[in-house]
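I have placed the structure first, in the form of structure tokens, so that the comments after it can refer back to it.
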Amino acid sequence: MIKIKNLKKSFGELEVLKDMNVEVKPQEVVCVIGPSGSGKSTFLRCINRLEEPTGGSIYIEGNDITDPGNNINEMRKNLGMVFQQFNLFPHMTVLQNITTAPKRLNGKSQAEADKLGKQLLEKVGLADKADVYPDNLSGGQKQRAAIARALAMEPSIMLFDEPTSALDPEMVGDVLEVMKSLAKEGMTMIIVTHEMGFAREVADRVIFMDGGYIVEEGNPQDLFDNPQEKRTQDFLSKVL
Amino acid sequence: MITHTVTKTIKEETVIESLQIMIDALPVLLQGMWLTVLITVISLAIALVIGLVLGIFSITQNKILRGISTFYVDAIRGTPILVQILFIYFGLPAATDLSLNAFTAGIIAISINAGAYLVEIFRAGINSIDKGQMEAGRTLGFSYGETMRLIILPQAVKRMIPAIVNQFIVSIKDTSILSVIGIAELTMSGQSIYANNFRAFEILFMVGVLYFVIVYSLTLFARWLERRLDVA
Ligand SMILES: Nc1ncnc2c1ncn2[C@@H]1O[C@H](COP(=O)(O)OP(=O)(O)OP(=O)(O)O)[C@@H](O)[C@H]1O
Ligand SMILES: [Mg+2]
Chain A
1 MIKIKNLKKS
11 FGELEVLKDM
21 NVEVKPQEVV
31 CVIGPSGSGK
41 STFLRCINRL
51 EEPTGGSIYI
61 EGNDITDPGN
71 NINEMRKNLG
81 MVFQQFNLFP
91 HMTVLQNITT
101 APKRLNGKSQ
111 AEADKLGKQL
121 LEKVGLADKA
131 DVYPDNLSGG
141 QKQRAAIARA
151 LAMEPSIMLF
161 DEPTSALDPE
171 MVGDVLEVMK
181 SLAKEGMTMI
191 IVTHEMGFAR
201 EVADRVIFMD
211 GGYIVEEGNP
221 QDLFDNPQEK
231 RTQDFLSKVL
Chain B
1 MITHTVTKTI
11 KEETVIESLQ
21 IMIDALPVLL
31 QGMWLTVLIT
41 VISLAIALVI
51 GLVLGIFSIT
61 QNKILRGIST
71 FYVDAIRGTP
81 ILVQILFIYF
91 GLPAATDLSL
101 NAFTAGIIAI
111 SINAGAYLVE
121 IFRAGINSID
131 KGQMEAGRTL
141 GFSYGETMRL
151 IILPQAVKRM
161 IPAIVNQFIV
171 SIKDTSILSV
181 IGIAELTMSG
191 QSIYANNFRA
201 FEILFMVGVL
211 YFVIVYSLTL
221 FARWLERRLD
231 VA
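Chains A and B, in that order, give the protein sequences. Numbering follows the UniProt record's numbering, in which position 57 of the first sequence is assigned residue number 57; successive positions increment by one, without gaps. Numbering follows the UniProt record's numbering, in which position 27 of the second sequence is assigned residue number 27; successive positions increment by one, without gaps.
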């Protein structure tokens, strides 16, 4: 479903991703962990080309997203993304945040888009917030609204960049619940996270990144309970 | 002290006479005022387009577009508006076949001048919007242009309104300089009246009042607009 080959990314002199090779199968949930500055966000942002890779290729369902001949706007419709800082549109109501893209880009009528939007709000537990502006939501509610907005384009892959890191601890659970239910429904997901408990429970595979490389990857039990590499052991001993 | 003497010397009948002169001048002054409003509205509409387009140029990755924008803004901000007006009306025809009537030259001059300041306002306004907004829009599949139009500009313009209105007020007043190329706008209309009746005090007082009326109407409109956008 996703096939990343020899991905490299530099910012000027700084080489952030050195040589990344990753494959993600349909319905797989992959969690990416690693120390701050190791390139996790950059990796995720290369997948939908928010960052322009300096080398390598990224195939999404067979199409190379780094190929300039492919329409990036079309390809992004299939890749939902959720940001640490939510990035909801403050000048639109919650429902408008969700319906604008399917209406304009997927040819949905206002009525169809509204129906879809309300279903999604129901799903993330915000049915009563449709007509509220984002400024009046709590952090956890904002993030759930942002997830609903991404789902409204009916993507087959969802990318999450530390979706709970900006939240007060008591808000984290609700957001993780929504993500768990997505995983159960079979959504393909790549999740950058510091929530090790969540990764252990939900991930099919955990990738540990450091210094622009994948140091180690494996199923959560193996990686968390029996890490092979010294750097993984050091990192886990600090965070667990 | 001065007011004291003035009130003493101005007698009741001179006040009535002054009022009469002002009222007599009104039809001609209103014509001039109409021209001032017309030039202002056309010029500022053009200036808004210049400001938006070159404002976006100034924040793109493209070095050439950025260069064009910077050069334009620096050139206009670095020279007096009087020189710009004279240059377009007298300078251009002297060097090229292009000869413009005063009205057109005046509109071009005010447009380019206000446009340069609006470029800066648009640039700052767009830059003030968190870059996560652009990323969120692009991630959903919107193009750069769609994201600008649907997501960035609605937020930016709301923040820019006070600065835009401020520039509009400056430009309205700048149109008075167009009298130097013989456009019969408000200031010029006044000049032509007191050249005949030698009542500069009354006439210029009226001219001032009429400028104030235009500027103050715009201020009231802007306040109303800001309140409306705040509700939304
Ligand atoms: N636009 C950019 N320009 C220059 N350097 C950048 C840019 N974005 C990221 N970097 C650098 O790239 C490195 C990796 O950053 P990245 O955000 O991918 O790390 P991360 O693993 O997501 O860290 P964190 O856990 O703190 O979010 C850092 O050294 C960062 O300073
Ligand atoms: Mg990060």
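Ideal Cβ positions, reconstructed from N, Cα and C, are used throughout, including at glycine.
Residue i versus residue j: straight-line alpha-carbon distance, rounded
i      : j      : result
B/M1   : B/Y194 : Here B/M1 scores only 49 on pLDDT, less than 50, and its place in the model should not be relied on; the value that follows carries that caveat. For B/M1 and B/Y194, the distance between alpha carbons rounds to 28 Å.
B/D97  : B/L178 : 22 Å
B/L44  : B/T36  : 12 Å
A/M75  : B/E226 : 39 Å
B/D174 : B/T219 : 17 Å
A/K123 : A/I214 : 34 Å
A/V30  : A/R45  : 15 Å
A/G39  : A/M179 : 23 Å
B/V15  : B/N166 : 35 Å
B/F168 : B/V83  : 20 Å
A/R200 : A/E28  : 14 Å
A/A81  : A/D168 : Checking the displayed sequence, the identity of residue 81 of chain A turns out to be Met instead of Ala. Roughly 21 Å separates the two Cα atoms.
B/L19  : B/E202 : 8 Å
B/N196 : B/A25  : 11 Å
B/F57  : A/N106 : 29 Å
A/D174 : A/F86  : 15 Å
A/S156 : A/N21  : 21 Å
A/T66  : A/R104 : 25 Å
A/E170 : A/G139 : 10 Å
B/M148 : A/G197 : 39 Å
A/P102 : A/E177 : 25 Å
A/I4   : A/S237 : 29 Å
DSSP bridge partner residues for residue i (one or two, in chain order)
i      : result
A/Y59  : A/K3, A/D64
A/S10  : A/E15
A/M158 : A/G80, A/M189
A/F208 : A/I33, A/E216
A/E23  : A/K3
Candidates the options: closest to residue i by CA position
i      : options                        : result
B/N158 : B/Q133, B/I172, B/F122, B/T147 : Note that residue 158 of chain B is Lys in the sequence shown here, rather than Asn. That would be B/F122, whose Cα lies nearest to the Cα of B/K158.
A/N70  : A/M81, A/S57, A/R149, A/L159   : A/S57
B/S176 : B/G137, B/Y117, B/I85, B/L26   : B/I85
B/S192 : B/L29, B/E17, B/I23, B/I21     : B/L29
A/K9   : A/N21, A/S41, A/G211, A/E52    : A/E52
A/Y59  : A/E23, A/H91, A/A101           : A/E23
A/T188 : A/G173, A/D204, A/D174, A/L176 : A/D204
B/L150 : A/T100, A/T54, A/F235          : A/T100
A/L137 : A/E13, A/M92, A/A152           : A/M92
B/G55  : B/L229, B/V213, B/L118, B/D230 : B/L118
B/I76  : B/E120, B/A124, B/L92, B/M134  : B/E120
A/L14  : A/V206, A/K77, A/T54           : A/T54
B/A222 : B/P80, B/I161, B/G132          : B/I161
B/D230 : A/P90, A/G62, A/A166           : A/P90
Burial state of residue i, where buried means 16 or more other Cβ atoms lie within 10 Å
i      : result
A/I190 : buried
B/L140 : buried
B/D130 : exposed
B/E185 : buried
B/E12  : exposed
A/S36  : exposed
A/Q110 : exposed
A/A127 : exposed
B/S69  : buried
A/Q141 : buried
A/A148 : buried
A/Q221 : exposed
A/S41  : buried
A/V239 : exposed
B/S189 : buried
B/R228 : exposed
A/N219 : exposed
B/A116 : buried
Under 8 Å between C-beta atoms of residue i and residue j
i      : j      : result
B/I181 : B/A102 : yes
B/A105 : B/I126 : no
B/S111 : B/I183 : no
A/E195 : A/T164 : yes
B/A47  : B/A95  : no
A/E216 : A/F208 : yes
A/I98  : A/L120 : yes
A/F235 : A/G34  : yes
A/L95  : A/G117 : yes
A/N73  : B/S143 : yes
heavy atom of ligand 4 below 7 Å from residue i C-beta
i     : result
A/K40 : As far as ligands go, the structure on display features ligand 1 and ligand 2 and does not contain ligand 4.
Residue i at chain E interface by Cβ criterion, 8 Å
i      : result
B/Q191 : No chain E appears in the structure shown, which is made up of the protein chains A and B.
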